[in-house]
Structure formats: structure tokens, C-alpha cells
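Structure first, commentary second.
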């Protein structure tokens, strides 16, 4: 039977967009099914807006992840200079900061080795120019480089690139069911109250926090359900407050020592993020009152403004997919995990977790996995060098 597509991708978040681009660049036919009316309507528009190596992941020993993300940061700076900007981040260290200057410097040395971007100590003479940062009991200020982006804009640009390479994208298309056959996957969806079924060689589940909900509607030809990974959803909330910053700040939350970013965002200030366990419909996630208070407390601890709830311009929350089981979310792996129905001949691959920064590397790894199932095609482009398009 002739397949409608080589690959069908569920989800038009950053990973769905990245996979579609990689698959199309490799010369395959691909369709993206997205439940909302456009790309990046879920967690891919609710991040901290950073393209970064994850300095804090050094603390939990995830050096391979930091190295990969910093490599991908360099790629994005080349292929999307209109979307990804390198900027200096400041880390203030006070007498009561849990991580002492020597420890932060050690981390920055490792970061520098991977990124080849130097860090430095900010002169005490310029501390009064640091955006109203409190300077009493301030021991040191360190500065290093990372990058910022508009996450939703980046996702739409990657998807636009996939379209330019021949990918089809269907929005307002709700996935309902899939059946894995020996030679194809039948995929059913509803669009405009019309039920449709298409076939593909491979189905990619890039549904983000909906990943296991999608798998609950995927069956083998025998009628048996497919396996799932034990995963938990962790909510990350951000607030937007009035103000103007000259550059971003990497702060240690005084309440629990977590990393919190305070960054300039669309002529205001973005503060985030939190980590709260979430259960329920991923579409219903929203910031908790306690999270908003937590972020205001962090901001007010470091800056001389003392903002209240009435000054919060906006608040939003996204969901991370992390490994299940015991342990604090802060210390859990941020690696991307793949689950295939058959490692030697995958018809279905699900993506668990992942970071905005490393979407392209994730797509490359997934393409290598499914190449065992797909026929040989002539590549059209290399995503390592393919410039992302300018879009509105």
C-alpha cells in the first residue's frame, strides 16, 4: 500500500517543528498535525526565552547536556542571528548566597571551556549601574555570556523552514487514534468535525506534555496498547513586571537556592521560573498564586523596587516532562528520552522532555533512529547550516 507520508508528526511545538524540518531536509515527505490553530501554543511559548547551555546543570553533573546545548547555541547564533542574540548575564554573589564565588567561578570555567566565551568579574566601581540591584552585603558580581530568543517566534521560524522544504502542516487537527501495522501506521484525526485517516511509514509523538495521552490512543495491530515511560509533569511559571533592564540576571532564590532568571522582555522584565508538580489537563495549566508570590519575593530581594501583585502585567506557565519517580525536580535529568515501539525497525517514536536550545540535535538523533525504517532519499539541506527564515 502506498503511504500518504513517510513521517507524520504529532505536535507543532519546538520539537515537532524541529523533527519536521530535519525529516523534510533529509528528503522525506512529512505531515505535522497540530491541535491548536498555530505552532508554539503550548510550552514552546512559555519558556524563559533563553538559548543557553544550562549553567545550573553543571551542579547536577549533566556535563554532556551542557556541552550539547552550548554547541547548539553556537549553531543557532549562526543560522538565526535575527532570532538568537548573545548577551551578558550577571550573577550577583552576596555574603549569604549559598554558592560561594569560588564555586560559581569553577562552573564558569567549565562553561567557558565548552562555549569559548570568557567570563569576568564586574568591577565594584560599576555596581551602582546594575539596574537598581541591591549592593549591601554584595561580595562579587560575575558576568558570562548566554543567549536570548523569542521562543514562539523561533518555533514558527523552524516550522516555516520545514514548510519551505516541503513539509505539510495541518492545524486545528486533533489526533484521535493510531494503529501500528507491520508496514505502516494508520493515523486518525478530526478537523472541522471531519474524521480523516492517513497512513505513514513512521509516526513521531512530539506532543510534549500530552505525550502519554497520545500513547493511550496508539495500538498495535493485535489491539495491544503500546508502552509508555513513567513521566511527571512539572510546572514552570513566569511573571512579567514593569521595568527596564540593561541585561539579564542569574539569581539564587533566597527561599530555596533555586536558579531564577530576571531578564529584559519586550520593554518589561520577565522573572522565572518555578518548579511545581502538575496533574490534570495540560491545556489548563496556569500560574499558582504561591508561584507568583515566590517570584515577586525573589525579585524584591535583589532589586530596590518592592513590587506587589497589582504590578504584575502578565503571568504564564508551561510544563516540563521529567522522569517519574522520587526526587526533587531540580535534580532530575533534563536529557531528552526517546521511546520506540521497536528499536531495530521503529514505526513509532515518542519524545519525552527536551530543551528549546537543543531541538535541532534532538531532531538529528531521532532522524538517525527512524532511518532504519525509511527508504533512501536524496537530502535537500543540512539543518546545521540552513538559515532560518524571516517571518512576521
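In our numbering, the protein residues as written are 1038 to 1429. We treat Cβ as the ideally placed atom computed from N, Cα and C, and that holds for glycine. All of these numbers come straight from a predicted model, not from anything done at the bench.
By the Cβ criterion, the region 1053 to 1069 is in contact with the region 1411 to 1424, since at least three pairs of Cβ atoms, one from each stretch, lie closer than 8 Å. Annotation for residue 1072: no beta strand (DSSP E) segment contains it, and DSSP assigns it neither H nor E. Residue environment: residue 1323 is assigned as exposed (fewer than 16 neighbouring CB atoms within 10 Å of its CB, all protein chains considered). The three-state secondary structure of residue 1063, taken from DSSP, is coil. The alpha carbon of residue 1287 has as its nearest neighbour, out of 1102, 1182, 1356, the alpha carbon of 1182. Cβ-Cβ distances below 7 Å link residue 1334 to 1292 in the same chain, with the five nearest sequence neighbours on each side left out; the list follows chain order. Residue 1171 and residue 1160 have their C-alpha atoms roughly 15 Å apart. For the 8 Å CB-CB criterion, residue 1277 and residue 1351 form a contact. Three or more Cβ pairs closer than 8 Å define a contact, and the region 1392 to 1409 meets that threshold against the region 1043 to 1055. Here residue 1122 carries a strand assignment [DSSP, helix/strand/coil].
A distance below 7 Å between beta-carbons, with the five flanking residues on each side excluded, links residue 1169 to the following residues of its chain, in chain order: 1340, 1341, 1342. In the displayed model, residue 1129 falls within a strand according to three-state DSSP. With contacts defined by Cβ atoms closer than 8 Å, residue 1120 and residue 1194 form a contacting pair. Every beta strand (DSSP E) stretch that sits fully inside the region 1283 to 1343 and reaches 3 residues is listed by chain position as 1286 to 1289, 1296 to 1302, 1305 to 1309, 1313 to 1315.
Residue pairing by DSSP puts residue 1256 in a beta bridge opposite 1216, 1262.
Relative to residue 1315, the option among 1124, 1140, 1204, 1354 whose CA is nearest is 1354. In the DSSP assignment, residue 1205 is bridged to 1068.
Counted as a single uninterrupted DSSP element, the alpha helix (DSSP H) harbouring residue 1152 occupies residues 1138 to 1152.
Bounds of any beta strand (DSSP E) do not take in residue 1095, whose DSSP letter is neither H nor E. With contacts defined as CB atoms closer than 8 Å, residue 1216 and residue 1411 fail to qualify as a contacting pair. Nearest C-alpha to residue 1155 among 1180, 1139, 1136: 1180.
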